[in-house]
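Structure first, commentary second.
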Amino acid sequence: MGDKTLLEARNVSKCFGHLKVLKGLNLRVREGETVCIIGPSGGGKSTFLRCVNFLEKIDSGALLFKGQLVGYSEHGNKLRDWNEKEAAAYRVKVGMVFQHFNLYPHMTAGENVAIGPRVVKGESQSAALARAHTLLAKVGLAEKFDSYPLQLSGGQQQRVAIARALAMEPEIMLFDEATSALDPELVGEVLQVMHDLATEGMTMLVVTHEIGFAREVGDTLVFMDEGVIAEQGEPKTMIAHPELARTKAFLSSVL
Amino acid sequence: MNSEDIRLSADKSPLKYARTRRWGSWIAAAVVILLGACLLWAVSTNPNIKWSRMGAYIFDGAILRGLVVTLELTVLSMVIGVALGVVLALMKLSPNTVLRTTSGVYIWVFRGTPVLVQLIFWYNMALIFPRIGFGAFSVDTNRVISTFGAAILALGLNEGAYMAEIVRAGILSVSRGQMDAALATGLTRRQAMRHIVIPQALRVILPPTGNQAIGMLKTTSIASVIAAQDLLTVTENIYAKTFLVVELLIVASLWYLVGTSVASIGQYFIEKKFGAGASSTNVKLGDFVREHVFSSSRAQSALEHLKRESDIRG
Chain A
0 MGDKTLLEAR
10 NVSKCFGHLK
20 VLKGLNLRVR
30 EGETVCIIGP
40 SGGGKSTFLR
50 CVNFLEKIDS
60 GALLFKGQLV
70 GYSEHGNKLR
80 DWNEKEAAAY
90 RVKVGMVFQH
100 FNLYPHMTAG
110 ENVAIGPRVV
120 KGESQSAALA
130 RAHTLLAKVG
140 LAEKFDSYPL
150 QLSGGQQQRV
160 AIARALAMEP
170 EIMLFDEATS
180 ALDPELVGEV
190 LQVMHDLATE
200 GMTMLVVTHE
210 IGFAREVGDT
220 LVFMDEGVIA
230 EQGEPKTMIA
240 HPELARTKAF
250 LSSVL
Chain B
951 MNSEDIRLSA
961 DKSPLKYART
971 RRWGSWIAAA
981 VVILLGACLL
991 WAVSTNPNIK
1001 WSRMGAYIFD
1011 GAILRGLVVT
1021 LELTVLSMVI
1031 GVALGVVLAL
1041 MKLSPNTVLR
1051 TTSGVYIWVF
1061 RGTPVLVQLI
1071 FWYNMALIFP
1081 RIGFGAFSVD
1091 TNRVISTFGA
1101 AILALGLNEG
1111 AYMAEIVRAG
1121 ILSVSRGQMD
1131 AALATGLTRR
1141 QAMRHIVIPQ
1151 ALRVILPPTG
1161 NQAIGMLKTT
1171 SIASVIAAQD
1181 LLTVTENIYA
1191 KTFLVVELLI
1201 VASLWYLVGT
1211 SVASIGQYFI
1221 EKKFGAGASS
1231 TNVKLGDFVR
1241 EHVFSSSRAQ
1251 SALEHLKRES
1261 DIRG
């Protein structure tokens, strides 16, 4: 893990109507780091990930990716909103895995992985499919290349979704409760793939309820509650000795 | 249950399976056959219907030319309707308030007034705009909007409003997560629409579009009020001279039936190929007849479909 900051959130706020979801959030993610975010539901974890990916626009504060503002481009001394192309170009660098997989049901596993490189990067169909095959092999699903999402188990679907995100060669991967929708016996296979990714040095921002994963794989553990980061630290220490009473209460409720 | 005897235990005598008698079906069949026969007899022996003269008109040149006009009206109006529907649906789903409102008002007006009234409006366009064009370049309105043109405009523009709602419902049926996932992999909104959302929406859009096309084939008959030379117009022209009113109406009905039946078969194959949960197995005409003519209802086949899908999910 390097010392260079890849992603930085400075005093980030976000409302939906009158509901304040993020209330001045500060976070730094270094290159190669795995940051796990835990916390009660409704605490703004998913919203924060969607803001990082620019699927949602923040209301105030600043998000910096490699020192550049997310959502705005500089023109002289003026800031302008990103256009559709700039937003798409940014999202290529930020991979995202969703709770409900969101695979494209009308495409095979292989096509699900190949469509991004083909449409966005203009790769040829054959080259994109060949690389999709390699990526599916990496998540242990080479033999499911021609299967449709409906024919796959939840765990397999989520692994295809991870391969689909990796196909764009992102610099950071966001996981939004990637194992929450899975049957218990399928959680392990997805966590294993995530573990392998972290070991390879991928920068990861992981919203999860898997405290075990956070302890073993995470470099930093973040407890998010009511739209801010309440506590953060080294996972093993923090899980054993949480500082705040509410962190302690939350941990004891999920452990 | 097959006819083999069933022995529940060694000491009892074997049981024979007695088939449940469906008396209701037999009674209903008897009543229907009786009524049908009465009707057939009443019509076929009616001296006021000149069956012998009807045959000659089925393949009459004027009737066939009218049929061609009806088919042209159907196809062209549907093409305009579908194209316009897609544009109006995208406008209505757009974040741009002006586009959204424009589309909303269009749909409101064209769905809220009778298509017959719209047809007569277009036919009489020359009353308010005797000439149309820009500046020095203008032409006589009645030249541009012929009866055929007025019919195309009325049917197509009206259809656009209905298709807009069908397309919009199709697009909305695709879950939000699909767009999220596509955007997250770096597709632009437009690319995501084209590659991810529209192909899935099509499965919802196709079946009602087929129904609209079949409906359109019949609705074109209203173009006869402006004498657009469609099937009904020529039919009326003939019976105005020959007084064979019912005979000619039966001829026209036969052709409308042929048209809608062929279209239904086409719709069936298209749906099987592209529709919701399309399976790759070969579909045959026999399947269509089984599903549509003999009992097995749409709802039933939909249920079977769900069952097959849940089998795959396992």
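Which chain is which? The protein sequence lines are A and B, in order. If you use our numbering, the first sequence corresponds to residues 0 to 254, in order. If you use our numbering, the second sequence corresponds to residues 951 to 1264, in order. All C-beta atoms in this analysis are idealised placements derived from N, C-alpha and C, irrespective of residue type, glycine included.
| Item | Value |
| --- | --- |
| Any C-beta of chain A under 8 Å from that of Ile-1155/B | no |
| Cα-Cα separation between Ala-1033/B and Gly-1016/B, rounded to whole angstroms | 26 Å |
| Assigned exposure category for Tyr-967/B - 16 Cβ within 10 Å defines buried | exposed |
| Between the CA atoms of Ile-1070/B and Leu-1077/B - distance to the nearest angstrom | 11 Å |
| Where Met-167/A falls: helix, strand or coil (DSSP) | coil |
| Residues near Thr-1210/B in its chain [Cβ-Cβ closer than 8 Å; skip 5 each side] | Ile-1164, Leu-1167 and Lys-1168 |
| Coarse secondary structure for Ile-1188/B, derived from DSSP in three states | helix |
| Contact with chain A by Ile-1146/B, beta-carbon distance below 8 Å | yes |
| Chain B within 8 Å of Ala-87/A, Cβ atoms only | yes |
| Inter-residue CB distance, Leu-243/A and Ala-229/A (contact presumed, cutoff 8 Å) | 6 Å |
| Inter-stretch contact at 8 Å, needing at least 3 Cβ pairs: the segment 984-994 of chain B / the segment 1143-1156 of chain B | no |
| Exposure of Leu-1207/B, with buried meaning 16 or more beta-carbon neighbours within 10 Å | exposed |
| Backbone secondary structure at Glu-7/A - three-state DSSP | strand |
| With 16 other Cβ atoms within 10 Å as the buried cut-off, status of Lys-13/A | buried |
| Residues of its chain near Arg-237/A, where Cβ-Cβ distance is below 8 Å and the 5 sequence neighbours each way are ignored | The identity of residue 237/A in the sequence shown is Met, whereas the question assumes Arg. Cβ within range, chain order: Leu-220, Phe-222, Glu-230, Gln-231 and Thr-246. |
| Cross-chain neighbours of Gly-1265/B in chain A, by beta carbon under 7 Å | In the structure as shown, chain B begins at 951 and stops at 1264. Residue 1265/B is therefore absent and cannot be evaluated. |
| Interfacial residues, the segment 1002-1031 of chain B to chain A, with Cβ spacing under 9 Å | none |
| Below-8 Å beta-carbon distance, Ser-1229/B vs any chain A residue | Interpretation of Ser-1229/B is limited by its pLDDT of 48, a score under 50 that renders its predicted location unreliable; the figure taken from the coordinates is listed afterwards. So, not an interface residue. |
| As assigned by DSSP and simplified to three states, the class of Ala-61/A | strand |
| Exposure of Glu-184/A, with buried meaning 16 or more beta-carbon neighbours within 10 Å | exposed |
| Members of the segment 1034-1064 of chain B near chain A, C-beta cut-off 7 Å | none |
| Integer-rounded CB distance, given that Lys-143/A should sit under 8 Å from Gln-155/A | 6 Å |
| Closer than 7 Å: Gly-41/A CB and nearest the ligand HEM heavy atom | Looking at this structure, you won't find the ligand HEM or any other ligand, since it has none at all. |
| Distance, Asn-111/A Cα to Ala-1012/B Cα | 55 Å |
| Gly-1136/B at chain A interface by Cβ criterion, 8 Å | yes |
| Distance between Tyr-147/A and Arg-1263/B (C-alpha atoms, nearest Å) | Since pLDDT at Arg-1263/B reaches only 48, below the 50 mark, its modelled position is unreliable, and no value is offered. |
| Endpoints, the alpha helix (DSSP H) within which Ile-1057/B is located | 1047-1062 |
| Any 3 or more C-beta pairs closer than 8 Å across the segment 193-204 of chain A and the segment 32-47 of chain A | yes |
| DSSP bridge partner residues for Glu-230/A (one or two, in chain order) | Phe-222/A |
| Under 8 Å by beta carbon: chain B residues contacting Met-203/A | Under the 8 Å cutoff, chain B gives no residues; its nearest Cβ is about 15 Å from Met-203/A. |
| Supposed close pair Gln-1217/B, Gly-1160/B - CB separation, criterion 8 Å | 3 Å |
| Backbone secondary structure at Lys-235/A - three-state DSSP | helix |
| Every unbroken alpha helix (DSSP H) within the segment 1146-1177 of chain B, with a cutoff of 4 residues, ordered by chain | 1148-1169 |
| For Lys-1042/B and Thr-33/A, the rounded distance between their alpha carbons | 42 Å |
| Residues of its chain near Ile-1188/B, where Cβ-Cβ distance is below 8 Å and the 5 sequence neighbours each way are ignored | Tyr-1007, Asp-1010, Ala-1012, Ile-1013, Leu-1194 and Leu-1198 |
| Buried versus exposed call for Phe-1084/B [16 or more other C-beta atoms within 10 Å across all chains shown] | exposed |
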